[in-house]
Structure formats: structure tokens, C-alpha cells
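So the sequence shown is numbered by the numbering used here: it starts at 983 and just counts up by one. Glycine included, C-beta positions come from ideal geometry on N, C-alpha and C.
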Amino acid sequence: MRAAIPSVDEVLRGPAGQVALARHGRAATVAAVRAALAVLRARMGEGAPDRAALAEAAGTQALETLALEEAPRLRAVFNLTGTVLHTNLGRAVLAEEAIEAATRVMRQPAALEFDLETGGRGERDDAVRGLVRELTGAEDCILVNNAAAAVFLMLNTVGAGREAIVSRGELIEIGGAFRMPDIMARAGVVLREVGTTNRTHARDYEGAITERTALLMKVHTSNYLIQGFTAEVAPAELSRIGRAHGVPVLDDLGSGTLVDLSTYGLRRERTVRDALGDGADLVAFSGDKLLGGPQAGFIVGRADLVRACAKNPIKRAMRLDKIRLAALEATLRLYRDPDRLAQRLPTLRLLTRKPEEMRALAGRLLPAVSAQLGPAWQVAVAECASQIGSGALPLESLPSAGLSLTPCDGDGRAPERLLAALRALPTPVIGRIAQGAVLLDLRCLEDEAGFVAQLGALKEG
Ligand SMILES: *Cc1c(COP(=O)(O)O)cnc(C)c1O
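Structure representation (C-alpha cells):
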């Protein structure tokens, strides 16, 4: 005999049903209860528990489904990969000051395109123009969605229908199919390649300049290095050639740091001020790489050319919203106090963290991690090397420390399974595999308590 299946209403009246209604609302709860009842119906025949028990089972099942559905898909994670600016993990972590500024304008209207002095219309990039001028020495600046958009917009504005001269050594591809030749084509610019992969000379640029030339372009080779028998034209020399022929020089700087990183113990990277000082007419760079802000792209440089970019109708399709502008303004403001920058700006704080600190942290975490994994795993404090990421100083590694987790039985598949189990934690932990072990680089772990608190949920296997 088949037991009668409870109705949706019966389930909703039960304790689990009531909790689900309160938490998730009627529409989603009814849908989840219907689905749970359909599963129960299909399983009937395997015995017939009483109707109230069935109703409660359906309610509990619905609650579980709803909790899963409501969990954010864009999950916060622990980045223990050792790559500080990890593009797939959202690059820069923002400073508290930036988070507060963004939150403020999310809650309230903001004077985004409103001039508080005249009561008339303002321009949205005004919020950061003064700061960018002060920090880079640029005449003017505008902001767009990211550096890729900045490169596109300046190429399209300065070069549409004419030629851009670029060295064959600088025809970069960066992640996500951003290839310089394709971007040029889409921007309506004719690419005029000069030189060879390993050597490009001043005479190569000079020989290619004609009346069709709109610009000379310098591209920062962020993610590779050409070594050996090489020659490139230094930015200042390129600007000299451009000026001599009345042709603007555009510099795709990529990461675009605003400070001399060597004062923080890192390798010096060409700054935005350097690029402008070398005579570039326009410079494009990212907001969320070394700068440590939200995703954004800057175009800085000569006022007339920046204004031309601002007037390009495509700018509208690339503009920043108030949330990111507020976060960016607050991030830039931190640069006015270089002495405290390395404490307040997470990107710089993490990049300058001393290996001793990570080693001590590894020592503190070791007992808890070891106890949780049990005798099948050997857990040890390990020296390792972090990377900056996002194509900044690609060959540069930063000495770091972490935990290495090695399977005692030498099972070659075990590290993959453990990585998956770490990803299944409430706040997923993202590690990597190195030499047959799971390696957790602790450079980017600042929430030690949060990491330890969820270890108990780790289900290895
Ligand atoms: C990273 C990079 C870009 C693109 O920057 P996004 O902010 O990711 O759009 C463009 N050019 C160079 C040289 C880069 O390194």
C-alpha cells in the first residue's frame, strides 16, 4: 500500500517549512518543497513512513536546497596560491579606506556629475583628476573600465583610420585574448609592425613614419622577457622621434605603479611619472594591479589628447560607476602618505611581508592543520616563492613560506583530492601543487582566525 504524499501546505506548516518560509520567502520555498515532494514520490514504494514524517523530510530537504541556492556564486576565498595579484581571484584586495568610501556612496546619492559650487553639471572623473595630477605629474586624466579599455580608447581616438607603429617585440598577448594586433584592428587602427622579435632600432621607427602615421606605440611586455641578442628603443628615444616628426607617442604601461617600489624593498618598476617624464603623450595603466585599487583603467597625459579621448562617444560605454570611483579616489589618497602606504594598502602590505612572518604563521597553523588531516599526511613548514602576478615583474619571485602537505603513502592523486577538499570549505582555500605536495603559501593569509575556525569542516577524500 502506498502512503499518501503530504501536500505542499502540510509541509509549509511543519517546523522546517516555517523556517524556510521565514528565510527564503514564499515563491522560492514553494518551488523547493514541490521539488522535494517529487523526489519523495519517486522513492515511494520503498516502505511507507507516516505522513507527518514525510512532510518533515520534504521540509528539511527543501531547506537544504534553498540554502545552497542562496549561497553567493561569487565566493570570497583564501588566496594561498602565492600570487598576490591573481587575476582569476579578483586581483587587488582593497584598503579599508576604499571599502568605506565605496560603501558610503552605495548608501547615499553622491555628487557624481554634479558641481557643488555652481550647482551645475560636473564631470565624473573630476573626483580623481587633482589626485592623479599630483601623483603622476600628468596634465590631465580620464578613467575607464580597465586598462584594456584605456588602450582601446586612446588608440581609437588618436589613430582611427590611420597607422600605429609598434615594435614586433611588443605585440603582446595578455590573458583573456587581449592581443595587441586584434585590439588595433577593432580600434580601427592599421598596425604597422617594425623591427624584429628581438631587435628594433630607432631607424626602424623613423623609416616607417609617413603621412599616414597617427602614433608611435610603446607596449610594456608585462608577461615575458626577450633576452640575449636584443635591442629596443628606450621610451625617451621614442618620444624624441615622435616629437621630431610631430607624431604622438602612446605608452601602454600595464601595471602602472605610482611609487618607486625599491623604497619598499621590491624591484623598481617603471612608474607612471617615469613614462610621462620620458615624454609619452598618453599613458594607459590599470587600477587593480600594482596600484592596489578597484578594476579601472587610466588614460593620463597631454591635456588636448586626454580631452579628445573624453569626447570619444565610446568613453560613455566604458565609464566608471560611483562605487568604483569612490574606492579609487580613497585608494589614490593613501599615496599622499608614502610612509604609511605599506600598512594601509593591502597590495603593498602583502608584497612587502617578510618571510619570517609567514614562517611564524606557518608554525602556528601547523599543529591544527596536521591534527585535522590525520596520520595520512605529513605537514611541514616550507620555504617557497610568491609572485606579484598580473604581469608585473614576471620573472621576479618573492621569498615566502607556507605549509606543505605531503601524502605519506605517496598516492599521486591525493594532492588533487586535497586541493578539491580545500576548495569545498565554507570559505574556499585555494592552494597549489608543487613537487607532489599541496603547497599553501601564507603570504596572503591575514585572517588567521578565520582560516583556523573552518578547518574542522575539511573532509579529505
Ligand atoms: C594588464 C595589462 C593590460 C590590461 O589591463 P586590464 O586592467 O587587465 O584591462 C594592458 N596592457 C598591458 C601591458 C598589461 O600588462
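- Approximately 6 Å separates the beta-carbon atoms of alanine 1040 and leucine 1022; this is inside 8 Å, confirming the contact.
- Excluding sequence positions up to five before and after alanine 1018, its CB lies within less than 6 Å of the CB of Ala1040, Gln1043, Ala1044, all in the same chain and listed in chain order.
- Contact annotation: glutamate 1038 and alanine 998 have beta-carbon atoms nearer than 8 Å.
- When the beta-carbon positions are compared, arginine 1161 and threonine 1179 stay at least 8 Å from each other.
- Within the DSSP bridge table, the entry for proline 1349 names no partner.
- Closest option to valine 1282, judged by alpha-carbon separation, among Gly1112, Gly1101, Ala1367, Leu1264: Leu1264.
- At a threshold of 7 Å, histidine 1202 counts as near ligand 1, since its beta carbon sits closer than that to one of the ligand's heavy atoms.
- At least one heavy atom of ligand 1 sits closer than 7 Å to the Cβ of serine 1268.
- Rounded to the nearest whole angstrom, the CA to CA distance from glutamate 1082 to arginine 1335 is 24 Å.
- For cysteine 1366, the uninterrupted beta strand (DSSP E) segment begins and ends at 1359-1369.
- Annotation for isoleucine 1281: the continuous beta strand (DSSP E) segment containing it runs 1279-1283.
- Shown here, glutamate 1430 sits in a helix according to DSSP, grouped into three states.
- The way I'd put it, the segment 1380-1396 does touch the segment 1358-1371; three or more beta-carbon pairs between them come closer than 8 Å.
- For valine 1126, the shortest separation between its Cβ and any heavy atom of ligand 1 does not lie below 7 Å.
- In the structure shown, the three-state DSSP call for isoleucine 1223 is helix.
- Placement of the Cβ of lysine 1297 at a distance of 7 Å or more from every heavy atom of ligand 1 is found.
- In the structure shown, methionine 1340 falls within a helical segment according to DSSP collapsed to helix, strand and coil.
- Taking all protein chains shown into account, glutamate 1145 has 16 or more neighbouring C-beta atoms within 10 Å of its C-beta and is therefore buried.
- Alanine 1344 and threonine 1139 have their C-alpha atoms roughly 51 Å apart.
- Here DSSP, grouped into helix, strand and coil, assigns arginine 1318 to coil.
- When Phe1096, Gln1436, Ile1415, Thr1182 are compared, the shortest CA-CA separation from glutamine 1354 is found for Gln1436.
- One thing to note: leucine 1198 has its Cβ within 8 Å of the Cβ of isoleucine 1147.
- Here the C-alpha atom of glutamate 1099 lies approximately 32 Å from the C-alpha atom of alanine 1129.
- Its chain contains Gly1170 as the residues whose beta carbon lies nearer than 7 Å to that of glycine 1143, once the 5 sequence neighbours on both sides are disregarded; these appear in chain order.
- In terms of CA proximity to lysine 1200, Asp1260 leads the group Phe1211, Ala1002, Asp1260.
- By the neighbour-count criterion, in which 16 or more other beta carbons inside 10 Å mark a residue as buried, lysine 1293 falls on the exposed side.
- Sequence-distant partners of glycine 1371 (beyond 5 residues in either direction) whose C-beta falls short of 6 Å from its own C-beta, in its chain, are Thr1065, Val1066, Leu1067, His1068.
- Under the DSSP assignment, phenylalanine 1134 falls in the alpha helix (DSSP H) whose first and last residues are 1129-1141.
- Boundaries around isoleucine 1415 are those of the beta strand (DSSP E), 1414-1416, since no alpha helix (DSSP H) includes it.
- Secondary structure at methionine 1166: helix, using DSSP grouped into helix, strand and coil.
- For glycine 1274, the distance from the CB to the nearest heavy atom of ligand 1 is not below 7 Å.
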